[in-house]
Structure formats: structure tokens, C-alpha cells
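Going by our numbering, the sequence shown runs without a break in its numbering and finishes at 275. Presented below is the structure to which this report refers.
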Amino acid sequence: MSDDKQTPDPSGRNAENAGARPDVSIVLPTYNELANIIPLVEELRQRFAEIGARYEIVVVDDRSPDGTADAVRSEFAADAGVRVIVREANPGLAVSIREGIESSTGAVIVVMDTDFNHEPKDAVLIYEISKHVDLGIGSRFIFGGGMSNRFRYYLSYLYNIFMRLTLGTRMDDNLSGFFAIRREKMFEMDFDKIFWGYGDYFFRLLLMSQRGDMTHVQVPVFYGERKGGESKTRFLGIFSKYTREVLWLTYQKATGKW
Ligand SMILES: Nc1nc2c(ncn2[C@@H]2O[C@H](COP(=O)(O)OP(=O)(O)OP(=O)(O)O)[C@@H](O)[C@H]2O)c(=O)[nH]1
Ligand SMILES: [Mg+2]
């Protein structure tokens, strides 16, 4: 692609820097994101190169039938900073993110959705802020944040109040799944206690970080509609799953088992 010709090594990983730890690993879980993933990776490469960060982009794909993985491989074949993991078994969002994190090498790890609900410009901001704290978190529910879908916004807002009251989290958005964390802090956590299910992994990660006395900063993020492709989330159905997890975790915490 033309950008490759002009900037053959934006990640800084191809030649003389090969082997050095990247500044940031961006973990991108995908399932049928062919409509979004190429422009997303393009924009991330450009934005992280602009701030001089040596990046590694790790796409973790659950064998998407639409060919997401192959498209990324062929489009970015010339960039050693873009990697694709194709998972063969046990599909799922949280386990995919875990695999991406475990295979990452960056000093900071960024995790985000791949349908432009999470914007690349915000990923850069959260990354920059996470240099000063242990964990930077995208939040829809602080001043400047929000969602274009008002129904989902208000329901999620109320649900987050419920989560804070039951679980005792201190963050306003416990389901954003948009964050940057310093590598050593991430690997201090017990992954077996976090990574299962869908977006619920995120409130377990936040609770674990609170338990580890990590420092946090929330960054306001605004979710537009997904750009292309189809949603994997049945919005109301997922809340009943999350509620089971919230109540289970509240009980486990109260009895000292988690
Ligand atoms: N690897 C992997 N990624 C997944 C899986 N399910 C969803 N994803 C990715 O997780 C992210 C969030 O999924 P979405 O379908 O956008 O969920 P959502 O943001 O709640 O819903 P919409 O934005 O309305 O579509 C996207 O990047 C998906 O491609 C999965 O089973 N495996
Ligand atoms: Mg989405």
C-alpha cells in the first residue's frame, strides 16, 4: 500500500531496532471486522508514529469467516510492527484479549475495540496518560464522554452506578474495555481471575487493579456507532450475563474467595 512505500518502517521495528521492546502494544480482538480493521490499523499506525512511539499492533482473531486475519496479513505484510494471531479453539472476547496481552512485548499495553466505537485518537491520549499512572481508562461517564446512542448511554450509566455500589469499584465506566496499562502492572495480576466471558472481564480487571493499589486516570471517550460490519452483542441479553457475574463476584469477594 502506498503508505508503506512512503513510511516503510513506521513502527520502528523492521531493521535496526528489531528486537528492542516497543513502547506500546495495541491489542485488537476481532471477529468479522473486515469492514473496519484495515482503516483502524492504518490510523493507529499513523497516530502512534506521529507521536514517535514504537508500536506493535497485535490483532487477535477468532477465525473470522469474513477473512479479517488474511486481510490484515496481506495489507500490512511490510510492517513488522503488525502481527496477527489466529486462535484455533475456545473462541471468546476475554480469552482473546488475554492471548494478545500474553504475546505482547510493549512497555505499555493498550486494549480497544476494532469497530471505531473506540477511536484511535483516544487510544493515543490514554496511552500518553498511562505513562504517568499505572492504568489509563477510557470513560463514557465523566465530563466530555458519552455515546451517540442515548438509550444505551443512559442504561449503561445506571448500570455502572449499580456496579459501583455492589462491587465497590471506584471508576465511572466499568465496562468500556478501553485502557492502557504499564506492562509490569498488567503482569502482576492473576489472569485466571480476570479473563473469561465477554466485556465483564473489564470490571474484574479494574477490581484487581484496585486491590493492587494501582493509580488510575480516567479519560473521557465518546462512542459513535460502529463504522461497518455487524454487532456481536445482544445488548439486553448481555446485561443479564453481566448481572450474574456482578452478583457472583460480589458474593465471592464478600466470602474472601476472589
Ligand atoms: N477475538 C474476538 N473478538 C471479538 C469476539 N466478539 C467480539 N469481538 C470483538 O470485540 C469488540 C467488541 O464487539 P462489538 O460487537 O463491537 O460489541 P459492542 O461494541 O458491544 O457492540 P456494537 O458496537 O453495537 O457492535 C470488537 O472489536 C469485536 O470484533 C470474539 O468472540 N472473539
Ligand atoms: Mg462495538
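We put the beta carbon where it would ideally sit given N, CA and C, even for glycine.
Check                                                                                                            : Outcome
Three CB pairs or more closer than 8 Å across the region 179 to 189 and the region 140 to 149                    : no
According to DSSP, residues forming a beta bridge with G153                                                      : A197 and V234
Under the three-state DSSP convention, the category P46 falls into                                               : strand
Helix, strand or coil at Y240 according to DSSP, with G and I counted as helix                                   : strand
Residue range of the beta strand (DSSP E) that includes I74                                                      : Y72 to D78
Every unbroken alpha helix (DSSP H) inside the region 172 to 228 [4 residues or more]                            : 200 to 203 and 218 to 228
Range covered by the alpha helix (DSSP H) that runs through R64                                                  : I54 to E67
The beta strand (DSSP E) enclosing R100, as first and last residue numbers                                       : V99 to V103
Distance cut-off 7 Å: D79 Cβ against heavy atoms of ligand 2                                                     : no
Sequence-ordered residues whose beta carbon comes within less than 6 Å of a heavy atom of ligand 2               : D130, D132, N134 and R243
G254, DSSP secondary structure in three states                                                                   : helix
Neighbourhood of V125 by C-beta, 8 Å cutoff - its chain only, sequence neighbours within 5 removed               : D40, V41, S42, Y144, S147, K148, A197, I198, R199 and R200
Distance, V128 Cα to A95 Cα                                                                                      : 23 Å
Where the alpha helix (DSSP H) through I143 begins and ends                                                      : P137 to S147
Beta-bridge partners of M164, as assigned by DSSP                                                                : Y240
Range of the contiguous beta strand (DSSP E) that encloses I126                                                  : V125 to V128
Close-in-space but distant-in-sequence residues of the same chain around V234 (CB under 6 Å, 5 per side omitted) : I146, V150 and G153
Run of the alpha helix (DSSP H) containing D87, from where it starts to where it stops                           : T85 to E92
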